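One structure is given here, and the rest of the page talks about it.
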Amino acid sequence: MRRALTLCLALLMAPAAASAQDSQTLADIKQDMSVLYTQLQRLRQELNTTGLSDMQISGSALDRINTIEAELQRVTGKAEELEFRIEQVVNDGTNRLGDLDFRLCELEPNCDIGSLGDTPRLGGDAVPEQGSSRGGSGMSSGSASGTGGPLAGGAQLAVSEEEDYRAAQQALENNEFRRAAELFATFRADYPQGPLEPEALVGEGLALEGTGDLRGAARRYLDVYSGYPEAQVAPESLWRLGTSLAELGSVAEACVTLAEVGERYPQSSYVNEARSSMGDLNCQQ
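The sequence shown runs -20 to -1, 1 to 265 under mature numbering (1 follows the signal peptide of the UniProt record, and there is no 0).
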């Protein structure tokens, strides 16, 4: 009996120990708790079975099981609540991205709204691993903004790929905006979905801003946030998307977008930039 109770306690502590494993999902935790609940019910039946009166079972054994069961039910409820809230955030974020994409298309003279298609689900089907092509190269946000930072993060780059990116970045730093936009566009065409794709999109957006093409810049920033939400430059792209929308006259949408920076990336330095921009636009905070 003690061994069975010990097993139940060990199973209850298993989710805490497994929190260090990145591969465990919320569904896995809920399944573990379901198994534990079944084990508790079996143990309760054993304690309540007739013929156990001769066994020396302390009065606290059932109390412990009742306590474990109550805690298990509480944790299960919290897990289900968390799953529901995450789904709400994802759906709301995806809908907002779709609305922004639609509004940007309305602002572009040659954009066909019917060809937009479905908005990619926010975050994709799974959270990208750090350093993967969908998560960026880990390069500093300053590098994407043209401050000349090193290419970091251990991304595997071909010599030509790094040279082409640096050439585009150098043109941006030299305020050769039209040339920089062309170089970044060529880079993305030559190395599609590469580790520097998010940074190249931000760089191209900055270059397009320099040429006065705010709509094109806004679309590049939106592409970063919708396609690479875990990239290191994603907070910057979301902030720049908000400021671009404001300059295009969509102040209400800009305020909503800028507010998302703090909600989505609370630890980013661009939260302060977004708040400052919201203050300039008299957004409600």
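Ideal Cβ placement from N, Cα and C applies to all residues, glycine included.
For clarity, every value in this text was computed on a predicted model and none was experimentally measured.
Relative to the C-alpha of residue i, which candidate in the options has its C-alpha closest?
i: Tyr224; options: Ser248, Gly242, Ser257 and Ser206; result: Residue 224 is actually Ser in this sequence, not Tyr. If we check each option's Cα against that of Ser224, Ser257 comes out closest.
i: Ala165; options: Leu188, Glu153, Val236 and Asn154; result: Leu188
i: Arg168; options: Thr237, Ala180, Thr47 and Ala214; result: Ala180
i: Tyr208; options: Pro178, Ala161, Ala148 and Leu228; result: Pro178
i: Glu210; options: Gly190, Tyr245, Gly183 and Val182; result: Tyr245
So, is residue i buried or exposed, given that buried needs 16 or more other C-beta atoms within 10 angstroms?
i: Glu143; result: exposed
i: Asp260; result: exposed
i: Glu67; result: exposed
i: Asp203; result: buried
i: Ala232; result: exposed
i: Ala50; result: exposed
i: Ser140; result: exposed
i: Thr237; result: buried
For residue i and residue j, I'd like the C-alpha separation in whole angstroms.
i: Arg146; j: Glu63; result: 42 Å
i: Ala151; j: Gly196; result: 18 Å
i: Leu84; j: Leu52; result: 48 Å
i: Arg159; j: Asp193; result: 14 Å
i: Cys263; j: Glu216; result: 19 Å
i: Gly128; j: Arg255; result: Because the pLDDT at Gly128 is just 41, under 50, the model does not fix this residue reliably, and the point stays unresolved.
i: Leu218; j: Asn252; result: 13 Å
i: Gln265; j: Asn155; result: 34 Å
i: Val241; j: Asp43; result: 48 Å
Mapping DSSP to helix, strand and coil, what is residue i?
i: Asp193; result: coil
i: Ser140; result: helix
i: Tyr208; result: coil
i: Asn155; result: coil
i: Gln68; result: helix
i: Ser117; result: Here the model assigns Ser117 a pLDDT of 36, short of 50, so the residue's position is not dependable, and the following value carries that caveat. Three-state result, Ser117: coil.
i: Ser224; result: helix
i: Pro178; result: helix
i: Gln150; result: helix
Quick one: is the Cβ of residue i within less than 8 Å of any heavy atom of the ligand NAP?
i: Glu143; result: Inclusion of the ligand NAP in the displayed structure is not the case, the ligand content being empty and no account of it being possible.
State the start and end residues of the unbroken alpha helix (DSSP H) segment that holds residue i.
i: Cys235; result: Val231 to Arg244
i: Tyr250; result: Tyr250 to Asp260
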